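Here is the structure we will look at, set down as structure tokens.
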Amino acid sequence: MLAASAIALAVAVPLLVVGAAWRHPAGDVWRHLWDTQLAGLLVNTLGLAAAVGVGTLVVGTGLAWLVVAYRFPGRRVFEWALVLPLAVPAYVIGFAFLGMFDFSGPVQSALRRALGDGLRVPDLRSGWGVALVMTLVFYPYVYLLARSAFREHGLATLETARSLGHSRRRAFFEIVLPMARPSLVAGVSLAVMEALADFGTVSTFGYRTLTEAIYRVWNGMFDRVAATQLASLLLLLALALLVLERALRGRRRFTQSQRRGGGVEGARLRGWRARVATGACLAVLGLAFVLPVGQLLLWAGELVGGARVPRNLPGLLGSTFVLAGAAALSICALGLILAYAVRLHPSPGARFVAQLSSMGYALPGAVIAVGVLAPIAWLDGVLHDVAKLVLGRPLDLLLTGSAGAVLFAYAVRFLAVGYQTIDAGLARIPPSFDEAARSLGVRLGSTLRRVHLPLMRGGLLTAAIMVWVETMKELPATLLLRPLGLKTLAIEVWELTSESRWAEAALPAIAIVLVGLFPLMLTTHLTAGPPHGPR
Amino acid sequence: MRSRAFTLRLGLAVIGSVALFLGVAPAPAAEEVVLYTARHYGQEKAFDAFTQKTGIQIKTLNGEAGPLLERLKAEGERSPADVFFTVDAGNLWNAARAGVFAPVTSAELTKNVPAHLRDPEHRWFGLTMRARTIMYNTKKVNPADLSTYEALGEPRWKGRLCLRSSGYIYNQSLLATMIKRHGEPRAEQIVKGWVANQPTIISGDTKILEAIAAGQCDVGLTNTYYLARLLAKDPNFPVAPLWANQATTGTHVNVSGGGVTAHAKNRAGAIKLLEFLSTLEAQQMFADTSMEFPVNPKAEIHAIVRSWGPFKQDDVNVAAAGEFQAAATRLADRAGYK
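Dropping the structure here:
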């Protein structure tokens, strides 16, 4: 419990730094924003959040149910392949989309040649365009969590409901979905928080949100304080969404008392239904993965003879691997401690603190990075003074610009991913298991190790993959806090794309996708086993 | 069980490599200059030449201007940085205001860098220059119809104009110098003229040029080196620049550049680096790789860029970009320029 409080507190410090921006008045900026755009920004931001929330819920849940509950051509491949878009940085998908479907892109050009110059199609650079792209980028969060929930209880529950006379559809909507609710909510809230914090995609598409305004105030007015105050609005929005969900959920709790995932076969789809199922998976995968990766390959092909493989590729791969691996391990451990503490002491207060500490996910990365910088630099100052007193000589900067600082920033940013995912997994295990273990005199650590961990192995692995992939793509915090000379694939890609050198950026971007595939394959290896046997 | 052992081994391997990674200590090296830079392209060659000449190693930390400045500030007097580089005069002005630069008195720099491209208080120096001007489709537009930034507000360009968003730093700097030149009310009128023409807002200068070539719009505003790079790939790319405001204030120019940090550990080396980068030799490398304009008037401009002919630049000190940038951002918001 103490450990959990310490974690929550440490991770919350940068958020407090963000909140502390309010100590300095920035009234004139606010008045200006209020006069010119604040209402529009809020409408845009909330609209986008809602659209991405609904979009990822429908796409992610639908696909997950399809691959778990049915059998159709290609299902085995889709089952893991549908996670792939997660490994592609969002702005790459956005850019590939624009490249393909923009006015000067091949699709519209071909249409104009065929149908004449008067052709006008709806502009992709709009709210719906952004929502579409973000749905395609972020649905895998919902898909991964829903899939793991459905696999654990979905089919068995469906069978039971059907044997009690429910129709398939009714059983799905009235029993399977409500049972999966914690997982779906966790997935959707991750997607929505990503959408709130996104800068790359909205700026590429020219869609103005709060995050876009934060950068505008920061870079355009050189007013970081006001920008940080704006960022705290994002925190409030994210918090409001979570509170709303808790209120809607009320006191209902769904757990499974028996693990009966195995032994039940998905229903085989035939004829047009099978074709629709395959087609839906293909369409999503095509737009969200094949198109952007294909575009990357095209760009890579523009380079003569592959002469421009970055010299330092092994180094880039190494540092990306190590950072992502360290982050995945440490953040899952932190998330587990936090989620477990809340389970042991389930008070609204504890839950709220845990949620609060994972709110960093809704903040733009650069804001978090600067929020991390302040306490780290302060700590460095303290160390410096202590060293001067004790050793009698000054100290170099130890923490600022260290790998430790980068990992701390990852924890602040991505604890949400670890915590939400693990919490959703834990929530499906009935508390009666804990009570049984306790009444048998099993100690706390053993209960966790022998009862909970085996039951939530799928959830833990899901959390680890998501954190891995997130850190691999992470840019602002790595960029700002890293030691001199440390560079990741994402930084390499960013340096090149910020100069519009897409051809050279293509290879390191493809490397990111490949590094993202690694944990995916690993999990398939670890969880697949016999497809329907006990795990 | 097999998989558990596998997980264990994997875990150990990861932990081991992390320990290795965290424990790597910087080796004591020859004399070095540490550079924090928000400019990431076209300078490597010049850096290599500097190292060859002086034996001084250059260590760089790339980043974005805003966050990098925060890191410099947070590190304070113990910062390892000797030099801070960034694009855009507004960013340089802001860094100077934040106090991260120490002034440099150098005859070499004063000689090589024209007065309007460096800080009047000698805290930062422009090292490359970029011009932001009017671009038009050579097949659809008669260049005689184009003249000034202001004239893009004429009704004839209604629905034919492509712009970056007003949040884009080079546009903010353009607006800022307009405020300096014409005063805020007149500048706002100009921007309102653009807005009345319902410009298509496109993210990316290259994208704007492609949109002009494809016929989505006929004119736009971009930096010239993006066009030069496109023309280097395809000499028939149907877009050409028109030097804006030649009869009046001159075409808007901006810089990338840098200064020596206030707490530089190797101030002498840092000054040497800045001086070297302003010399003919280094300036020529900048011009050849990035297709920007050298600031040193003696350096030769890239052939493609030269083919556009000489032009009169706005000689207001580029520091105005910073001084009036906040006002420019607000003005754009008021005028409804997205």
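Order-wise, the sequence lines are chains A and B.
All residue numbers for the first sequence refer to our numbering, where the first residue is 1 and numbers rise by one.
All residue numbers for the second sequence refer to our numbering, where the first residue is 1001 and numbers rise by one.
Yeah, the Cβ is synthetic: ideal placement off N, Cα and C, and Gly gets one too.
Since this is a predicted model, take the numbers as computed values, not measurements.
| query | result |
| --- | --- |
| Quick one: does A/F518 have its CB under 7 Å from some CB of chain B? | no |
| Give, in chain order, every unbroken run of the alpha helix (DSSP H) that is at least 4 residues long and sits entirely within the stretch 1045-1133 of chain B. | 1065-1075, 1089-1097, 1107-1112 |
| Taking 7 Å as the threshold (C-beta atoms), are B/R1330 and A/H24 in contact? | no |
| Between B/P1067 and A/A369, is the Cβ-Cβ spacing less than 7 Å? | yes |
| What does DSSP give as the partner residue(s) for B/P1241 in the beta ladder? | B/M1135 |
| Going by C-alpha to C-alpha distance, which of A/I214, A/L389, A/Y91 sits closest to A/L42? | A/I214 |
| If we cut at 7 Å on Cβ distances, does B/R1130 have a partner in chain A? | no |
| Please classify B/R1130 as buried or exposed, where buried requires at least 16 neighbouring CB atoms within 10 angstroms. | buried |
| Would you report the Cα separation of A/A409 and B/I1201, rounded to the nearest angstrom? | 34 Å |
| Assuming the contact rule is C-beta atoms closer than 8 Å, A/G371 and A/V67 should be a hit. Round their C-beta distance to whole Å, please. | Contact doesn't hold; Cβ gap of about 39 Å is too wide. |
| Look up B/C1162 in the DSSP assignment and say whether it is helix, strand or coil. | strand |
| In the DSSP assignment, find the beta strand (DSSP E) that holds B/G1257 and state where it starts and stops. | 1252-1260 |
| Taking 7 Å as the threshold (beta carbon to beta carbon), is B/L986 in contact with chain A? | For chain B, the structure presents residues 1001 to 1338; residue 986 of chain B sits outside this window and is missing. |
| Helix, strand or coil for A/F199? Go by DSSP, reduced to three states. | coil |
| Closer than 9 Å, Cβ to Cβ, to anything on chain E: give me those residues from the stretch 140-169 of chain A, in chain order. | Absence of chain E from the displayed structure is noted, the protein chains being A and B. |
| Which of the three DSSP states, helix, strand or coil, is assigned to A/T488? | coil |
| Between the C-alpha atoms of A/G47 and A/L234, what's the straight-line distance to the nearest angstrom? | 14 Å |
| Using the rule of at least 16 other Cβ atoms within 10 Å of the residue's Cβ for burial, across every protein chain shown, is A/M521 buried or exposed? | exposed |
| Using only alpha-carbon positions, find the residue among A/Y139, A/V290, A/G206 that is nearest to A/L96. | The question names Leu, but residue 96 of chain A is Ala in the sequence shown. Nearest of A/Y139, A/V290, A/G206 to A/A96, Cα basis: A/V290. |
| For A/V342, return the contacting residues in chain B, with the cut-off set at a CB-CB distance below 7 Å. | Chain B residues near A/V342: none, gap ~25 Å exceeds 7 Å. |
| Applying a beta-carbon distance threshold of less than 7 Å, which residues of chain A neighbour B/A1187? | Near B/A1187 there are no residues of chain A at all, since even the closest Cβ is about 15 Å away, more than 7 Å. |
| Tell me which residue opens and which closes the beta strand (DSSP E) that A/G271 is part of. | Per DSSP, A/G271 belongs to no beta strand (DSSP E); it is in the alpha helix (DSSP H), 271-285. |
| CB A/W218 to CB A/A227, shorter than 7 Å? | yes |
| How about A/F150 and A/A64: are their beta carbons less than 7 Å apart? | yes |
| Kindly say whether B/H1040, judged by its beta-carbon, lies nearer than 7 Å to any beta-carbon of chain A. | yes |
| Can you pull the DSSP bridge partners for B/L1221? | B/I1134 |
| Compare the C-beta of B/V1318 against all C-beta atoms of chain A and say whether one is closer than 7 Å. | no |
| So, with DSSP's three-state summary, where would you put B/E1031? | coil |
| Applying a beta-carbon distance threshold of less than 7 Å, which residues of chain B neighbour A/A222? | Rather than Ala, the amino acid found at residue 222 of chain A in this sequence is Phe. Those within 7 Å of A/F222 in chain B are N1094, Q1325, A1326. |
| What residues from chain B crowd round A/H32, counting only those whose CB sits closer than 8 Å? | R1330, D1333 |
| At the level of alpha carbons, what is the spacing between A/A503 and A/V442? | 59 Å |
| Within 10 angstroms of its Cβ, does B/W1157 collect 16 or more other Cβ (buried), or is it exposed? | buried |
| Using a Cβ-Cβ cut-off of 7 Å, state whether B/K1059 counts as contacting chain A. | yes |
| Could you tell me how far apart the beta carbons of A/P476 and A/G404 are, in whole angstroms, since I believe they sit closer than 8 Å? | Between A/G404 and A/P476 the Cβ distance is about 18 Å, and since that is not below 8 Å, they are no contact. |
| For the stretch 369-381 of chain A, which residues have a beta carbon sitting closer than 9 Å to at least one beta carbon of chain B? | A369, V370, L373, A374, I376, A377, W378, D380, G381 |
| If you measure from the beta carbon of A/W218 to each beta carbon in chain B, is any gap under 7 Å? | yes |
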